[in-house]
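Colleague:
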Amino acid sequence: MLTRPACRAAVLAFKPGIEAVHRLQSPAALPIGDVLRGVESRIGRWAQSVELHIAEVPVEGLLWERIAPAHVLASSRFLNDPARTAPALRAILEDLV
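The sequence shown: position 97 = 681 (this note's numbering), numbered continuously.
The following block contains the structure:
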């Protein structure tokens, strides 16, 4: 059985490796905060709590497919392009707030 200090030590030992993998696999940060502030400004109120799931799928080319009200399939190439993600996010967030 691991004690709390042992668990903490294990997490700290693995943290650099996990962060390195995350940096390699993560797309550029999505402009969700900026887009949400713009939507709030347009509607004149704070947005209610929203939940949006974006699943990155390994496909060639561009993909942004809304498969449910709060679920999207997106390609890495699409997610790494802020000029494409901002308008796509805006359309979904306007529906969700």
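C-beta: ideal position from N, C-alpha, C; glycine also.
Taking the straight line between their C-alpha atoms, what separation do you get for I627 and T669?
Modeller: Cα to Cα, I627 sits roughly 20 Å from T669.
Colleague: Look up L647 in the DSSP assignment and say whether it is helix, strand or coil.
Modeller: Three-state result, L647: coil.
Colleague: Measuring straight from C-alpha to C-alpha, what distance separates L657 and D665?
Modeller: Going by the C-alpha atoms only, they are around 15 Å apart.
Colleague: Locate the alpha helix (DSSP H) running through V641, then write down its first and last residues.
Modeller: First-last for V641: 637-641, but that is the beta strand (DSSP E), not the alpha helix (DSSP H).
Colleague: If you follow the beta strand (DSSP E) that V656 is part of, which residue opens it and which one closes it?
Modeller: 655-659 is the extent of the beta strand (DSSP E) around V656.
Colleague: Does DSSP put A652 in a helix, in a strand, or in coil?
Modeller: In this structure, A652 counts as strand in the three-state DSSP scheme.
Colleague: Would you check if the stretch 636-651 and the stretch 586-605 touch, i.e. whether three or more CB-CB distances between them fall below 8 Å?
Modeller: No, the stretch 586-605 does not touch the stretch 636-651.
Colleague: Could you confirm whether any beta carbon from chain D is found closer than 8 Å to the beta carbon of L636?
Modeller: In the structure shown, chain D does not exist; there is a single protein chain.
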